[in-house]
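Participant: Sharing a structure with you now.
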Amino acid sequence: MNLPEEILEKILSRLPTKSLLQLRCVCKTWRTWISHPLFVKTHLRFQLELPEMGLLYPRKSDHDLDLGSHLGISSENIVAILDSCHGLLCIVYRFHSDHFPKPLQELILWNPCTGQCNHIPSPVFVSYKSYWFCFFYDSDADDYKIVRILTLQTMDGTRVDVFLKSNEWRTVVETHASVIASGSAIHFNGNIHCELKAETSWLISTMSKVVAVGNKNNLTRTVRNYADSIVLHTKEL
Amino acid sequence: MITLKSNDGETFDIDETVAVELQIIKHMMEVGCSGGEIPLPNVAGKILAKLIEYCNKHVESGKAEEQAASDDLKAYDADFVNVDQATLFDIILAANYLDIKSLLDLTCQTVADMVKGKTPEEIRRIFCIKNDFTPEEEEEVRRENQWAFE
């Protein structure tokens, strides 16, 4: 007895990923279907609404996990698990290149359930005092984004780069003002929240859906406004 | 009172409070075309009877607020889906057609639980699917997702 596709979709969405991967062997139609991006999204949406969700917590000692063998790189080169979103992990590792005296840092996006890895090209190397990354899902663009936020070595400036679907990094904020408090950015619900420095008190502002360059995005406006006001203020002194 | 007629001529009278559980009927009532008998060409009498019994039970339970009523409902649901596979699939199709969300969720979950842990061959039997992989192709798909079989 054949059930129509819409019902099969409702049934398969309820299965854990591991079971679904086994079901790819059933027939060619199921294999295509289970891997289809539309179904993957439906499945994710359903799973996210389930009351029980596992929490992946990176332990201080990663010896038990042996992440390296899953990613095809040497475990000792793994620096950290930076961030996660929808069960995908963003991991940074050291990459030794003949062209640079110091090792570069490269990123991998890893899906622990299916084992797929995506290597993300390095953003441009810039001297920094501190850096952090956010990895999140932008529902408007229907895409995952990686954001790198740097506090620059020179004049304590701030720089924000976004990794886009077009497989390139784009700088969305570059200012000499030190506006973002170190290590304060977190993502929640498609927005990045970070602590802005002010002289006596701190403010929390949102960098909503960091997308293309220009004055369209709120952080650019906020940071530039703030940077302008610092410059103005210092001129008055 | 609303009258439903199955595809094999059986008629069922149900209270309006129960009829609204079937979204398709609810829509018909809202646009004012629910007078007389409502024919349901996609549903057999035997299955329609079960669906109405389910809706009656859920509406009744919805009125009682005690925990005991909720546990009782869970037990009822578990028993309700304890039927042969052909009947279960018929119930799913009917629940989908009549748009009874809670029943559709219940039955889809039941089938999902049934599927979990079964081999691909058993799944093919359940859904009457022909295996169109050659042995080599099937082996390759297995290898692609090796860890899922461990």
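These protein sequence lines are chains B and Y, in that order. Residue 4 is where the first sequence starts when you use my numbering, and the numbers rise one by one after that. Residue 2 is where the second sequence starts when you use my numbering, and the numbers rise one by one after that. Positions of the beta carbon are idealized from the N, C-alpha and C atoms, including for glycine.
Counting only C-beta atoms, is B:V216 closer than 9 Å to chain Y at any point?
Facilitator: Low local confidence applies: a pLDDT of 34 at B:V216 is under 50, so the model's placement there is unreliable, with the coordinate-based value given in what follows. Answer no: the Cβ-Cβ gap between B:V216 and chain Y never drops below 9 Å.
Participant: Does the pairing of the region 153 to 161 of chain B with the region 122 to 140 of chain B give three or more beta-carbon distances under 8 Å?
Facilitator: As far as the Cβ criterion goes, the region 153 to 161 of chain B touches the region 122 to 140 of chain B, which means the pair count is three or higher.
Participant: Identify the contact partners of Y:D133 in chain B, using a Cβ-Cβ distance below 7 Å as the criterion.
Facilitator: What Y:D133 touches in chain B: C30, K31.
Participant: Say whether chain Y places a C-beta atom closer than 9 Å to the C-beta of B:P40.
Facilitator: Chain Y contact via Cβ: absent.
Participant: Answer with buried or exposed for Y:L49, where buried requires no fewer than 16 other C-beta atoms within 10 angstroms of its C-beta.
Facilitator: The residue is buried, with at least 16 neighbouring Cβ atoms inside 10 Å.
Participant: What do you get for B:F166, buried or exposed, if any count of 16 or more other CB atoms within 10 angstroms of its CB means buried?
Facilitator: B:F166 is buried by the Cβ-count criterion.
Participant: Between the alpha carbons of B:Q50 and B:F42, how many angstroms are there, rounded?
Facilitator: Between B:Q50 and B:F42, the C-alpha separation is close to 12 Å.
Participant: Interface residues of chain Y around B:L18 at Cβ under 9 Å?
Facilitator: Simply A113, V116, K117.
Participant: Assign Y:P40 to one of three DSSP states: helix, strand, or coil.
Facilitator: Strand, per DSSP.
Participant: Count the other CB atoms, across all protein chains shown, that sit within 10 Å of the CB of B:V95; report buried if there are 16 or more and exposed otherwise.
Facilitator: B:V95 comes out buried.
Participant: Compare the Cα-Cα distances from Y:D174 to each of Y:P40, Y:E31, Y:I26, Y:D16 and report the closest residue.
Facilitator: This structure does not reach residue 174 of chain Y, given that chain Y is present from 2 up to 151, and the question cannot be answered.
Participant: Taking B:K168 as the reference, which of B:S87, B:I149, B:R162, B:S77 has the closest Cα?
Facilitator: Among B:S87, B:I149, B:R162, B:S77, the Cα nearest to that of B:K168 belongs to B:I149.
Participant: Going by DSSP, what residue range makes up the alpha helix (DSSP H) through B:E177?
Facilitator: Note, B:E177: premise wrong, no alpha helix (DSSP H); beta strand (DSSP E) at 172 to 178.
Participant: For B:S16, I'd like the list of residues in its chain whose CB is within less than 7 Å of its CB, leaving aside the five on either flank, ordered along the chain.
Facilitator: If we look at B:S16 and ignore the five residues flanking it on each side, its Cβ neighbours are T45, H46, F49.
Participant: Checking contacts by CB at 9 Å: is B:N5 closer than that to chain Y?
Facilitator: Chain Y, which has a Cβ nearer than 9 Å to the Cβ of B:N5, makes this yes.
Participant: Using CA coordinates, which residue listed in B:E8, B:S78, B:I37, B:T32 is at the minimum distance from B:L18?
Facilitator: With distances taken between Cα atoms, B:L18 lies closest to B:I37.
Participant: So does the region 24 to 33 of chain Y actually touch the region 58 to 78 of chain Y, counting three or more Cβ pairs closer than 8 Å?
Facilitator: The answer is no - the region 58 to 78 of chain Y does not touch the region 24 to 33 of chain Y, with fewer than three Cβ pairs under 8 Å.
Participant: Y:H28 lies in the beta strand (DSSP E); which residues open and close that run?
Facilitator: Y:H28 -> not in any beta strand (DSSP E); alpha helix (DSSP H) instead, spanning 24 to 31.
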